[in-house]
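Position in the sequence shown counted from 1, then plus 932, gives you this note's numbering. Backbone N, C-alpha and C define an ideal beta-carbon position, used for all residues, glycine too. Structure record follows, encoded as structure tokens.
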Amino acid sequence: MNIFRFIADLLHLTSFFILIFKIRKSMNVVGLSYKSKELYLVVFLLRYLDLFLYFVSFYNTIMKILYISLTAYLIYIIRFRRPYCLTYDSQNDSFPHLKFIYPGAALVTLISLDYSNIGLFEICWTYSIWLESLAILPQLHMIQQTKECENITGHYMASLGFYRFFYILNWIYVYYYTEKIQWISTLGGILQTALYSDFLYVYLKSQGRKIEISV
């Protein structure tokens, strides 16, 4: 593992704790998209289907378990845990996220049928990459609806954005030393970073003030 991937993993993990801290401190889930969390849970469950079948390292196993369990915990808090769930803004969390879950899965499966050596795990992994690149859309849509973003929610989203940026640096580093590149991961990461780019610009420009989103 290189330094870029390690920093990316730390930023990803930090994003979870930022969000949990925000919820606990403010005693509400205002401005948070439940639908984004749903998509992320699908992403992690599909990507880590092999969690208990293949052992890579303790670090790898622990991170996978943390990603799944923390995402499930956030879903529980936002939708079911009182008093937090009472503040969930379902009206503004209106992005039609299911409309691209099923077509995307069908498309990836059809494309994969052209390769006889691709199994179930590979299909699920490929789909999880593309789905992760779009999973932030409900959260971005919610921010557009409310026209503002709390500071700490901005920190959470910025952590996710920079996590993907450092993963791109990780792939560049790997390619430089091995001349090997995973095109699916790279293209998915570039797409995800591009979706974050406008928000990251506004976030950095705000310099600690409440982030106001213009349409």
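At a cut-off of 4 residues, the continuous stretches assigned as alpha helix (DSSP H) that sit fully inside the stretch 1069–1138 are 1069–1078, 1083–1110, 1115–1138.
One Cα belongs to Ile952, the other to Ile1084, and the distance between them is close to 10 Å. Contact annotation: the stretch 944–961 touches the stretch 1010–1023, with at least three C-beta pairs closer than 8 Å.
Around Phe1098, the same chain offers Phe936, Ile939, Ala940 as residues with beta carbons nearer than 6 Å, after the five sequence neighbours per side are excluded. Rounded to the nearest whole angstrom, the CA to CA distance from Ile1007 to Tyr1105 is 35 Å. Per DSSP, the continuous alpha helix (DSSP H) segment holding Cys1056 begins and ends at 1052–1066. Inter-residue distance for Asn1024 and Leu985 is about 40 Å (C-alpha atoms, whole angstroms). Contact between Val975 and Leu1063 holds: their C-beta atoms lie close to 5 Å from each other, under 8 Å. Asp941 sits in a helix when the DSSP states are folded into three classes.
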